[in-house]
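Engineer: Everything in the sequence shown is counted per UniProt numbering, starting at 1 for the first residue and increasing by one.
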Amino acid sequence: MQGFNKYYPPDYDGEKHKSLNAYRGKHALGDRARKLDQGILITRFELPFNIWCGTCDNHIGMGVRYNAEKKKIGMYYSTPMYSFRCKCHLCDGWFEIQTDPKNTRYVVVSGARQKDEEWNPEENGGFAIHDTEAAATSVDPLSALEKSTDAQNHLTKVQIPRLESLQGLSDHYNDDPYARSALVRKYFRTEKKIYAAKRAADDQIKEQYGLPETLKLLEDGAEARDEAREEWVKGRRELEAQTSIRRARLLSSAKPCPSTNNLSSLRARILDNTRRSSLLAKTTPPERKGIL
Ligand SMILES: [Zn+2]
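#1: Relative to the alpha-carbon of Lys-72, which residue among Ile-42, Ile-51, Cys-88 has its alpha-carbon at the smallest distance?
#2: Out of curiosity, what's the CA-to-CA distance linking Asp-272 and Leu-251?
#3: How far does the alpha helix (DSSP H) with Arg-246 in it reach, from first residue to last?
#4: Taking 5 Å as the limit, name every residue whose beta carbon sits nearer than that to some heavy atom of ligand 1, in sequence order.
#5: DSSP has Lys-70 in a bridge; who is on the other side?
#6: Going by the DSSP bridge assignment, what does Cys-53 pair with across the sheet?
#7: The beta strand (DSSP E) that contains Asp-100, what's its start and end?
#8: State the DSSP-derived secondary structure class of Lys-16, mapped to helix, strand or coil.
#9: My output table needs one value for Tyr-7: the three-state DSSP class, helix, strand or coil.
#10: Please classify Leu-20 as buried or exposed, where buried requires at least 16 neighbouring CB atoms within 10 angstroms.
#11: DSSP state of Val-158, grouped into three classes?
#12: So what does DSSP say about Arg-34, is it helix, strand or coil?
#13: Closer than 7 Å by C-beta to His-59: which residues in its own chain qualify, once you throw out the five before and the five after it? Chain order, please.
#14: Should Ile-270 go down as buried or exposed, given a rule of 16 or more other Cβ atoms within 10 Å for buried?
#15: Output needed for Gln-98: all residues of its chain with C-beta closer than 6 Å, excluding positions within five of it in sequence on either side, in chain order.
#16: For Val-107, list the residues DSSP reports as bridge partners.
#17: Tell me the DSSP secondary structure of His-27 in three-state form.
#18: What's the C-alpha gap between Gly-210 and Arg-229?
#19: Between Val-64, Arg-237, Tyr-178, Thr-104, which lies nearest to Cys-88 when the distance is taken from Cα to Cα?
#20: To the nearest angstrom, report how far apart Asn-153 and Phe-127 are at their CA atoms.
#21: Where does the unbroken alpha helix (DSSP H) through Phe-188 begin, and where does it stop?
#22: Throw me the rounded Cβ distance for the Cys-56 and Ala-68 pair, which I believe falls under 8 Å.
#23: Leaving out the 5 sequence neighbours to the left and right, which residues in its chain are closer than 6 Å to Arg-44 when beta-carbon positions are compared?
#24: Quick one: residues in its chain with C-beta nearer than 6 Å to the C-beta of Lys-70, no 5 flanking neighbours on either side, listed in chain order?
#25: When you compare only the Cα positions, how much space is there between Glu-231 and Leu-166?
#26: Classify Leu-280: buried if its beta carbon has 16 or more other beta carbons within 10 angstroms, exposed otherwise.
#27: Helix or strand or just coil, what does DSSP make of Leu-280?
#28: Would you report the Cα separation of residue 311 and Gln-208, rounded to the nearest angstrom?
#29: Here's a check: name, in chain order, each residue in its chain whose Cβ is nearer than 8 Å to the Cβ of Tyr-173, leaving out the five neighbours to either side.
#30: Taking the alpha-carbon positions, what's the Pro-212 to Lys-206 distance?
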């Protein structure tokens, strides 16, 4: 039994035993590692296809699971190849299935027969998925020459100039990192000063006119000034137009008086005023005349 819990017996010595599994003389993988000295690990293996057992000739369905002996049998480039040795659950016979990284599939090696259920579209009126024959066909020497010439042209006219330009660009940006960095930092410092001055001026204007702090002001310049002037002129014209319309309405709504009436009333008013002033001159004491 592996050390699943954290109970450390009294005679456990950390320096001597290192781990609880070592103290008990067990592997961390337990019974599954009982054949580890032969390079075999017991794993759960699920049949990837239907097979017939070679010993008892019984059909075993896809998906049946076995405690298989997993063993590394070699390499396909950098991919390990494994074999799974299983014992038939219906008899005592063993069968072996291996991985085939080259064709990305499993292969029955011994002790059983695989039921061939692979769908082949070519046999069923479709097109072949993998054109494995194309590579084997004889090559037309003229077309091969044409292809190689095209490839050569592409290399000299497109790829090499592109690589050279990329190399040049890389050299341009990486030849002197210190100078580049200094240049950028210098530029940043001057920009920062200009930005700070602009912001201070904006803040002052906002404070002066009681504008909200979040308001974004336009940049001061000839263009902005022209725009502002145009806006002002436009607004002024609109205002004048509105005033003239209002005046015209007022005049049209007033009652028209005949001009003869106007004249006669004016005459009467003048006469009345003259009469009053002459009366006032008679009644007013001489000392008040000067004041009036
Ligand atoms: Zn069997």
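Ideal placement from N, C-alpha and C gives every residue a C-beta, glycine not left out.
These numbers come from a predicted model, not from an experiment.
Structural biologist: Judging by the given coordinates:
#1: Each of Ile-42, Ile-51, Cys-88 was checked against the Cα of Lys-72, and the nearest Cα belongs to Ile-42.
#2: Roughly 29 Å separates the two Cα atoms.
#3: Start and end: 222-253.
#4: Those residues having their beta-carbon less than 5 Å away from any non-hydrogen atom of ligand 1 are, in chain order, Cys-53, Thr-55, Cys-56, Cys-88, Leu-90, Cys-91, Gly-93.
#5: In the DSSP output, where bridge partners are listed per residue, Lys-70 has Leu-41, Phe-84.
#6: According to DSSP, which records beta bridges pairwise, Cys-53 is partnered with Ala-112.
#7: Per DSSP, Asp-100 is one residue of the beta strand (DSSP E) stretching across 94-100.
#8: Note: Lys-16 maps to helix in three-state DSSP.
#9: Secondary structure at Tyr-7: coil, using DSSP grouped into helix, strand and coil.
#10: With 16 or more Cβ atoms within 10 Å of its Cβ, Leu-20 is classed as buried.
#11: If DSSP states are grouped into helix, strand and coil, Val-158 belongs with the helices.
#12: Note: Arg-34 maps to coil in three-state DSSP.
#13: Asn-50, Trp-52.
#14: With fewer than 16 neighbouring CB atoms inside 10 Å of its own CB, Ile-270 falls in the exposed class.
#15: Excluding sequence neighbours, Gln-98 sits near Ser-83, Val-107, Val-109.
#16: Looking at the DSSP assignment, Val-107 forms a beta bridge with Gln-98.
#17: In the structure shown, His-27 sits in coil (DSSP, three-state: anything other than H, G, I, E or B).
#18: The C-alpha of Arg-229 is placed about 22 Å away from the C-alpha of Gly-210.
#19: For Cys-88, the closest of Val-64, Arg-237, Tyr-178, Thr-104 by C-alpha to C-alpha distance is Val-64.
#20: If you draw a straight line from the Cα of Asn-153 to the Cα of Phe-127, it comes to about 35 Å.
#21: Note, Phe-188: alpha helix (DSSP H), 177-209.
#22: Your pair Cys-56 and Ala-68 does not check out as a contact, with CB atoms roughly 18 Å apart and the cut at 8 Å.
#23: The residues are Arg-65.
#24: These residues qualify, in order along the chain: Leu-41, Thr-43, Tyr-82, Phe-84.
#25: Rounded to whole angstroms, Glu-231 to Leu-166 spans 51 Å at the Cα level.
#26: Per the 10 Å Cβ criterion, exposed.
#27: Assigned with DSSP and collapsed to three states, Leu-280 falls in helix.
#28: Outside the shown range of the chain (1 to 292) lies residue 311, about which nothing can therefore be said.
#29: Answer for Tyr-173: Arg-180, listed in chain order.
#30: So the alpha carbons of these two residues sit roughly 7 Å apart.
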